[in-house]
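Residue numbers (the numbering used here): 631 to 1027. Using N, Cα and C, we set each Cβ at its ideal position, and we do this for glycine too. First the structure, in the form of structure tokens, and then the observations on it.
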């Protein structure tokens, strides 16, 4: 393996340099997507379409991975779980980064590697923890492990039979870990097929031809990309203007009739109750939780102090820009559904495509269908109550 140094204390350093390096190659999490597209594993619902990976690698913002709560939690738990593994096994681990010697675009970020070349993959998921307690590794993670062996140990035909690795999962709430030991023989057959699939994917990047949909899909992405970029830029500006407005109010700028509220959408579905009833996990339902939002209301016009007046004007201007961007994007999103249906694509996951399927099935409905959950359970834990709001600062009207 060719080592790359990021001076990190984690296998996911989250620096601009690391993201740039990762975007230019095929990593372990990418291997899961490629393996699923090739039919080598049965993917869970969160695995993205291979076209989404292709356009992310080509630098298209509309397919950039959006960090979610489960990903953040996993990154936070990684050093804690690694320390517990080291205490329990006596094996010191070092986060490492490297590229495959015979194809440097095949690369990996390792959560931990021992001094005697044993790779450890760390997961901070309750579901993985429960499986590891049974000495099982979820099938959809095996391409990631095979990919790591490819990067670290080279071509599968050269692997020694005594090579071992560890799959270590920590419970997000319990101070406990479970570890599964695996060997090179368990991964060798998959690794050969995965290597061929990754090389085909790299070739598609080189030729700039999407793995699914071909030239027609490429033309469509060229059309929608500038609209996505505009919406992303508008969203960033709205967020920035909100923060400026909050700061202006906190500095003592007061005005009659202005109110700043944080609104928490009341969840119509009690996912915690469903978790307990059907035996699901927190990770599975995290994406469906409503997130708090800041809401601003100006009920009466009155001369304002300059900082606050400017902040309000900037906020409303950016909201208008975002609304215009959404209007421009909506018909193209509808066009995406028609295009994917005509190309026979089952789904395409991206932040502004949501989850589009041939039948237009929402993600949460696909989730409970795949789990075989009776709809009556969902209905029993769903209400139509109004959202709750808390006033952060209310000024006399």
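{"Item": "Run of the alpha helix (DSSP H) containing residue 790, from where it starts to where it stops", "Value": "Note, residue 790: premise wrong, no alpha helix (DSSP H); not H, not E."}
{"Item": "Selected residue, minimal CA-CA separation from residue 1008, among 950, 900, 963 and 970", "Value": "900"}
{"Item": "Through-space distance from residue 944 to residue 725, alpha-carbon basis", "Value": "44 Å"}
{"Item": "Cβ separation of residue 656 and residue 667, assumed to be a contact under 8 Å, to the nearest whole Å", "Value": "About 13 Å; that fails the 8 Å criterion."}
{"Item": "Own chain, CB closer than 8 Å to residue 717, minus 5 neighbours either side, in chain order", "Value": "none"}
{"Item": "Short Cβ contact (8 Å threshold) for residue 948 with residue 824", "Value": "no"}
{"Item": "Cβ-based neighbour list, residue 693, same chain, cut-off 7 Å, excluding 5 preceding and 5 following", "Value": "682, 685, 686 and 980"}
{"Item": "Bounding residues of the beta strand (DSSP E) (the contiguous stretch that carries residue 741)", "Value": "733 to 743"}
{"Item": "Cβ-based neighbour list, residue 647, same chain, cut-off 8 Å, excluding 5 preceding and 5 following", "Value": "636"}
{"Item": "Endpoints, alpha helix (DSSP H) assigned at residue 904", "Value": "901 to 908"}
{"Item": "3-residue-minimum beta strand (DSSP E) runs that sit fully inside the region 776 to 839, ordered along the chain", "Value": "794 to 800 and 807 to 813"}
{"Item": "Other residues of its chain near residue 721: CB distance less than 6 Å, five sequence neighbours each side excluded", "Value": "744"}
{"Item": "Residue environment, residue 781, which counts as buried when at least 16 other CB atoms sit within 10 Å", "Value": "buried"}
{"Item": "Residue environment, residue 812, which counts as buried when at least 16 other CB atoms sit within 10 Å", "Value": "buried"}
{"Item": "Whole-angstrom C-beta distance between residue 786 and residue 822, which should lie under 8 Å", "Value": "5 Å"}
{"Item": "Coil, strand or helix - residue 1068 by DSSP", "Value": "The structure shown does not extend to residue 1068, since the chain is modelled only from 631 through 1027, so no value can be given for it."}
{"Item": "Under the three-state DSSP convention, the category residue 725 falls into", "Value": "strand"}
{"Item": "CA-to-CA distance, residue 954 to residue 611, given in whole angstroms", "Value": "What the structure shows of the chain is the stretch from 631 to 1027, and residue 611 is not part of that stretch, so it cannot be assessed."}
{"Item": "The region 848 to 862 in contact with the region 957 to 975 per 3-pair CB rule at 8 Å", "Value": "yes"}
{"Item": "6 Å Cβ shell around residue 864 - same chain, five flanking residues per side excluded", "Value": "951, 952 and 955"}
{"Item": "Beta-carbon contacts of residue 871 that lie in its chain and below 6 Å, excluding the five residues immediately before and after", "Value": "944, 945 and 948"}
{"Item": "Residue 662 (DSSP reduced to helix, strand or coil)", "Value": "helix"}
{"Item": "Beta-carbon spacing of residue 664, residue 831 below 8 Å", "Value": "yes"}
{"Item": "Residue span of the beta strand (DSSP E) that contains residue 750, given as start and end", "Value": "749 to 753"}
{"Item": "Bridge partner(s) assigned by DSSP for residue 606", "Value": "For residue 606 there is no data in the structure shown, the boundaries of the chain being 631 and 1027."}
{"Item": "Selection from 730, 742 and 728 that minimises the alpha carbon distance to residue 1039", "Value": "Given that the chain is displayed from residue 631 to residue 1027, the structure contains no residue 1039 and the question cannot be resolved."}
{"Item": "Cβ of residue 819 within 8 Å of any chain B Cβ", "Value": "In the displayed structure, chain B is absent; only one protein chain is listed."}
{"Item": "Range of the contiguous alpha helix (DSSP H) that encloses residue 759", "Value": "756 to 763"}
{"Item": "Span of the alpha helix (DSSP H), counted from its first residue to its last, around residue 580", "Value": "Only positions 631 to 1027 of the chain appear in the structure, and residue 580 is not among them; the question remains open."}
{"Item": "Cut-off 6 Å between Cβ atoms - residues of its own chain near residue 958, not counting five sequence neighbours on either side", "Value": "857"}
{"Item": "Straight-line Cα distance separating residue 791 from residue 861", "Value": "52 Å"}
{"Item": "Beta-bridge partners of residue 771, as assigned by DSSP", "Value": "Bridge partners of residue 771: none, in fact."}
{"Item": "Stretch-stretch touch, CB-based, cutoff 8 Å, three pairs: the region 754 to 768 with the region 726 to 734", "Value": "no"}
{"Item": "Which listed residue (845, 773 and 789) has its alpha carbon closest to that of residue 826", "Value": "773"}
{"Item": "N-terminal and C-terminal residue of the alpha helix (DSSP H) that residue 842 is part of", "Value": "Neither: residue 842 is in no alpha helix (DSSP H) and is coded neither H nor E."}
{"Item": "Between the CA atoms of residue 793 and residue 983 - distance to the nearest angstrom", "Value": "In this predicted model, residue 983 has a pLDDT of only 48, less than 50, meaning its place in the structure is not dependable; the value taken from the coordinates is given anyway. Answer to the nearest angstrom: the Cα atoms are 42 Å apart."}
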